[in-house]
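Just so it is clear: in the sequence shown, position 77 is 64 by the working numbering, and no numbers are missing. We put the beta carbon where it would ideally sit given N, CA and C, even for glycine. The structure appears below as structure tokens.
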Amino acid sequence: MTIYSFRLRIINLKNCQTYRRLVSGGLSILIAVVACWLLATPSALAGLNDDRFDGDIFALYGSNASLVPPRVNLAESLKRNKPALLVFYVNDSSDCKLYSVVISQLQAPYGRAANFIPINIDTLPLKSNYKPMESGYYYKGLVPQTVLFNQEGKVVLNETGQLSYEQIDDVFRDVFNLLPRSESIELKRRTLNEINTELRE
């Protein structure tokens, strides 16, 4: 063995140790970055029973993105002498999230005959006084709130809190002069998923 080959072995040994140190240091940094990223990332799961903002509730929970934004405002609907269902809501309320399912189900039988106007209260203009043709005129300060107008523009339902499908359907039946529920075909609920049900004969 010559001195030259002995020096090469020492240099290779030093390079190997340096290489190992660099690799282990790099892996340590990578593991630390990934751990911080995983711990700092908020959960992306939408929660039906919490008051967190998950996005638009009609698209997420009601499975009906066609409701927002509304096609017409209250003034246009009243000018057309068409019934209107005004629903005040916020996207970060568990009560409103659950109620969006009921409103979406009501649109199936009544969506062509009545205007559905969901109003996110965060978008209401701040005014001291509203006119009767403006949505803010009917807002009571609680959500969800449901206001149903008949063809003449008269308020036939104005309730806060979650209403059942049947409660609103009964008022719609009066507005459209349809048979009462007791005289029509009984509809049964069928579960579509963990949030939505479907009404069937």
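*Going by Cα to Cα distance, which pick from Thr110, Met120 and Gln94 is closest to Tyr152?*
In the sequence shown, residue 152 corresponds to position 165, counting from 1. When each option's Cα is compared against that of Tyr152, the closest is Gln94.
*DSSP three-state call for Ala19: helix, strand or coil?*
Numbered from 1 along the sequence shown, position 32 holds the residue referred to as residue 19. The answer is helix: DSSP assigns Ala19 an H, G or I state.
*asked:* Looking at Val89: is its Cβ nearer than 8 Å to the Cβ of Leu150?
replied: Translated into the one-based positions of the sequence shown, residue 89 becomes position 102. Translated into the one-based positions of the sequence shown, residue 150 becomes position 163. Taking 8 Å as the Cβ cut-off, Val89 and Leu150 qualify as a contacting pair.
*Are Tyr126 and Lys118 close, meaning C-beta to C-beta below 8 Å?*
Residue numbering aside, residue 126 sits at position 139 when the sequence shown is read from its first letter. Residue numbering aside, residue 118 sits at position 131 when the sequence shown is read from its first letter. Contact flag unset, no.
*Simplified DSSP assignment, three categories, for Pro96*: Here residue 96 corresponds to residue number 109 of the sequence shown, with the count starting at 1. Helix at Pro96.
*the segment 16 to 25 in contact with the segment 47 to 62 per 3-pair CB rule at 8 Å*: no
*For Ala27, which of helix, strand or coil comes out of DSSP?*
Within the sequence shown, the letter at position 40 stands for residue 27. If DSSP states are grouped into helix, strand and coil, Ala27 belongs with the helices.
*From the DSSP output, read off the bridge partner residues of Pro105.*
Position 118 of the sequence shown, counted from the start, is the residue given in the question as residue 105. In DSSP, Pro105 forms a bridge with Val74.
_Short Cβ contact (8 Å threshold) for Val143 with Asp156_ = Within the sequence shown, residue 143 is the residue found at index 156, counting from 1. Within the sequence shown, residue 156 is the residue found at index 169, counting from 1. Contact flag unset, no.
_Measuring only the C-alpha atoms, how far is Lys84 from Asp37?_
As a first step, residue 84 must be located in the sequence shown, where it is residue number 97. As a first step, residue 37 must be located in the sequence shown, where it is residue number 50. Going from the Cα of Lys84 to the Cα of Asp37 covers about 9 Å.
_Buried/exposed call for Leu135, threshold 16 Cβ in 10 Å_ = In the sequence shown, counting from the first residue as 1, residue 135 sits at position 148. The residue in question, Leu135, is buried, as its Cβ has 16 or more Cβ neighbours within 10 Å.
*So which of Val59, Asn137 and Pro70 has the shortest CA-CA distance to Ile106?*
Within the sequence shown, numbered from 1, the residue matching residue 106 stands at position 119. Of Val59, Asn137 and Pro70, the residue nearest in Cα terms is Val59.
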